[in-house]
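Notes to accompany the following structure.
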Amino acid sequence: MTTRTLRARDPQVAVDSAAFLLLASTLVLLALPLFGMSGGGTVQRVAHWIGVATLVGAALVCRLLPPERLDRWHVGLGLGLGSVVLIAALNLATADSSAGAQACYAFPVLWVAVHLRGPAVALVTTAALAADLITLLVLMPTAAAIADVVFFGAVLAVIATLLVRANRTQDELVDALQRQLTVDSLTGLATRRAFDQALETSLSRSVPGGTALVLIDVDSFKSINDNHGHPIGDDVLVHLAAVLRHRIRSDDAVLSRLGGDEIAVLLPGCGRDVAARRAEELLDAVRGEPLPLPDGTLLALSISLGVGHVPRHSRDRRGLYCSADAALYEAKRAGRGRVALAPA
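Using this note's numbering, you'd call the opening residue of the sequence shown number 59 and step up by one each time.
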């Protein structure tokens with residue numbers, strides 16, 4: 059079990075839901091004396107107002123502190139376990155072993171099952187059943203207490219399990235959708251959406267050396283499709299992506315397929331001359347690794363590359379792309395199979 063498995067699936071949603079549930083529980087607790095359900099003794103009254111103060115304090119914490127910080131502190135798990143302890147204390151203080159009192163344990167368990175992950179749900183559910191058992195053993199005959207806990211525990215465990223499984227399925231669907239948005243299904247490179255986000259992040263950080271962009275086109279790609287068929291054209295893109303990926307470190311560059319046969323290499327913190335040298339290295343690598351065809355022959359590949367660069371403090375996203383695009387077309391006009399560097 060890692061600390062991440064005990065954290066919220068969505069900290070903001072979890073905190074909002076917790077604050078609402080805590081305030082709703084406060085109102086319910088405040089209303090109990092109106093129905094004569096909080097007991098009339100001093101101990102009962104003290105327990106009642108301690109419970110109210112605890113709920114209000116927890117709601118204020120959820121409202122005043124940033125959700126991410128609360129999540130790092132595992133406040134979600136703490137709320138679940140703390141609620142179990144509070145419910146047990148109130149039930150003992152008021153000597154309440156009714157079905158309604160036991161049903162209160164469902165609130166923290168269901169909240170945790172909706173907003174946290176499996177291990178946290180298991181901890182809170184186990185704590186709720188243990189607290190319910192201890193409370194009932196104190197207030198009821200042993201046989202009746204065990205019978206109540208078995209029935210209530212089975213219902214609670216089934217509901218929690220179904221919610222956890224539903225959330226896991228939802229998370230898998232969200233992850234799959236996220237991959238579709240950020241990973242090109244053919245080449246495995248980043249999509250245009252992911253590239254745009256990375257470019258925006260790079261320019262907003264004012265990294266030393268500035269930011270370089272290399273745009274790449276496959277030379278005579280239309281002829282490859284016409285002469286060998288579109289499946290071979292797809293093979294060319296997959297092969298090219300693999301060759302480039304082997305020459306580019308993912309920790310200092312973003313390799314993206316922008317569309318068709320256009321590929322981009324974003325180089326944050328890379329100077330203009332260094333970017334030009336790296337582009338030459340990519341050109342040589344593609345020349346040195348032809349694509350094996352199904353008939354055993356080799357298809358030599360050639361690419362044209364345009365290099366654009368903006369200085370450290372520039373946030374000219376459009377200017378960077380336009381300069382790299384103009385350099386790419388300059389490389390094509392000059393005979394293809396070469397690198398062109400945009401003017402400084």
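Built from N, CA and C at the ideal position, the CB exists for glycine as well.
Quantities reported herein were computed from a predicted structural model and do not represent experimental measurements.
ILE361 - DSSP class collapsed to helix/strand/coil
The residue you call residue 361 lines up with position 303 of the sequence shown. The answer is strand: DSSP assigns ILE361 an E or B state.
Which same chain residues end up closer than 6 Å to ALA398 when comparing Cβ atoms and leaving out the 5 residues on each side of it in sequence?
Locating residue 398 in the sequence shown gives position 340, counting from the first residue. GLY364, ALA385, GLU388, ALA389.
Since ALA117 and LEU144 should fall inside the 8 Å C-beta cutoff, what is the C-beta to C-beta distance between them, to a whole number of angstroms?
Here residue 117 corresponds to residue number 59 of the sequence shown, with the count starting at 1. Here residue 144 corresponds to residue number 86 of the sequence shown, with the count starting at 1. Between ALA117 and LEU144 a beta carbon distance of about 13 Å is seen, past the 8 Å cut, so the two are scored as non-contacting.
May I ask which residues mark the beginning and end of the alpha helix (DSSP H) holding ARG103?
On the sequence shown, position 45 is the one that residue 103 refers to. Segment 100-122, the alpha helix (DSSP H) holding ARG103.
My guess is that LEU341 and ILE361 are in contact by the Cβ rule of under 8 Å, so how many angstroms apart are they, rounded?
Here residue 341 refers to the residue found at position 283 when the sequence shown is read from its first residue. Here residue 361 refers to the residue found at position 303 when the sequence shown is read from its first residue. About 6 Å separates the two Cβ atoms, so the contact holds.
How close, in whole Å, do the beta carbons of GLY268 and ARG370 come, if the pair is a contact with beta carbons under 8 Å?
Position 210 of the sequence shown, counted from the start, is the residue given in the question as residue 268. Position 312 of the sequence shown, counted from the start, is the residue given in the question as residue 370. About 5 Å separates the two Cβ atoms, so the contact holds.
Three-pair Cβ contact test at 8 Å for the stretch 125-143 versus the stretch 193-210:
No: fewer than three Cβ pairs fall under 8 Å.
Going by DSSP, name the residue or residues bridged to SER314.
Within the sequence shown, residue 314 is the residue found at index 256, counting from 1. ALA248, ALA322, per the DSSP bridge assignment.
Evaluate the contact criterion for the stretch 62-73 versus the stretch 123-134: three or more CB pairs, one atom per stretch, below 8 Å.
These segments touch.
Range of the contiguous alpha helix (DSSP H) that encloses VAL179:
The residue labelled residue 179 in the question sits at position 121 within the sequence shown. First-last of the alpha helix (DSSP H) with VAL179: 176-197.
Please name the residue or residues paired with HIS288 in a DSSP beta bridge.
In the sequence shown, residue 288 corresponds to position 230, counting from 1. DSSP lists no partner for HIS288.
With 16 other Cβ atoms within 10 Å as the buried cut-off, status of ALA300
Against the sequence shown, residue 300 aligns to sequence position 242. By the neighbour-count rule (16 or more Cβ atoms within 10 Å), ALA300 is not buried but exposed.
Please look up how many angstroms separate the CB atoms of LEU221 and ASP293, rounded, as I've assumed it's under 8 Å.
Position 163 of the sequence shown, counting from 1, holds the residue named residue 221. Position 235 of the sequence shown, counting from 1, holds the residue named residue 293. Contact doesn't hold; Cβ gap of about 45 Å is too wide.
Where HIS409 falls, given that 16 or more other Cβ within 10 Å makes a residue buried:
Given that the chain is displayed from residue 59 to residue 402, the structure contains no residue 409 and the question cannot be resolved.
At the level of alpha carbons, what is the spacing between GLU167 and PRO177?
As a working mapping, residue 167 is identified with position 109 in the sequence shown. As a working mapping, residue 177 is identified with position 119 in the sequence shown. It is worth fixing the name first, because residue 167 is Val in this sequence and not Glu. The alpha-carbon atoms of VAL167 and PRO177 are separated by roughly 12 Å.
Cα-Cα separation, LEU88 to ALA164:
As a first step, residue 88 must be located in the sequence shown, where it is residue number 30. As a first step, residue 164 must be located in the sequence shown, where it is residue number 106. Using only the alpha carbons, I get a separation of about 19 Å.
Please classify PHE78 as buried or exposed, where buried requires at least 16 other C-beta atoms within 10 Å of its C-beta.
The residue labelled residue 78 in the question sits at position 20 within the sequence shown. Exposed.
DSSP three-state assignment for HIS371, whether helix, strand or coil:
As a position in the sequence shown, residue 371 is number 313, starting the count at 1. Coil at HIS371, not helix or strand.
Between the C-alpha atoms of VAL208 and VAL133, what's the straight-line distance to the nearest angstrom?
As a first step, residue 208 must be located in the sequence shown, where it is residue number 150. As a first step, residue 133 must be located in the sequence shown, where it is residue number 75. When rounded, the distance between both Cα atoms is 29 Å.
Return yes when the Cβ of LEU295 is within less than 7 Å of the Cβ of THR245, no when it is not.
Start at 1 with the first residue of the sequence shown, and residue 245 comes out as number 187. Start at 1 with the first residue of the sequence shown, and residue 295 comes out as number 237. Here THR245 is near LEU295, since their CB atoms are less than 7 Å apart.
On the DSSP bridge assignment, give the partners of VAL272 in chain order.
Within the sequence shown, residue 272 is the residue found at index 214, counting from 1. VAL272 is bridged by DSSP to VAL323, VAL365.
Please list, in chain order, all residues of the same chain as ALA270 whose beta carbon is under 6 Å from its beta carbon, the five residues on each side excluded.
Within the sequence shown, the letter at position 212 stands for residue 270. Close CB contacts of ALA270 within its chain, under the 6 Å cut and outside five residues either way in sequence, are with LEU325, CYS328, ALA333, HIS367 (chain order).
Note down the Cα distance separating LEU137 from THR100, rounded to an integer number of angstroms.
Along the sequence shown, read from residue 1 onward, the residue named residue 137 stands at position 79. Along the sequence shown, read from residue 1 onward, the residue named residue 100 stands at position 42. The straight-line gap separating the alpha-carbon atoms of LEU137 and THR100 is approximately 27 Å.
Identity of the residue in ALA358, ALA311, ASP277, ASN285 nearest ALA392 by Cα
Sequence index remark: in the sequence shown, residue 392 carries index 334 (1-based). When C-alpha distances from ALA392 are compared across ALA358, ALA311, ASP277, ASN285, the shortest belongs to ASP277.
Using the three-state DSSP reduction, which class does LEU351 fall into: helix, strand or coil?
Taking the sequence shown and counting its residues from 1, the one referred to as residue 351 is at position 293. Secondary structure at LEU351: coil, using DSSP grouped into helix, strand and coil.
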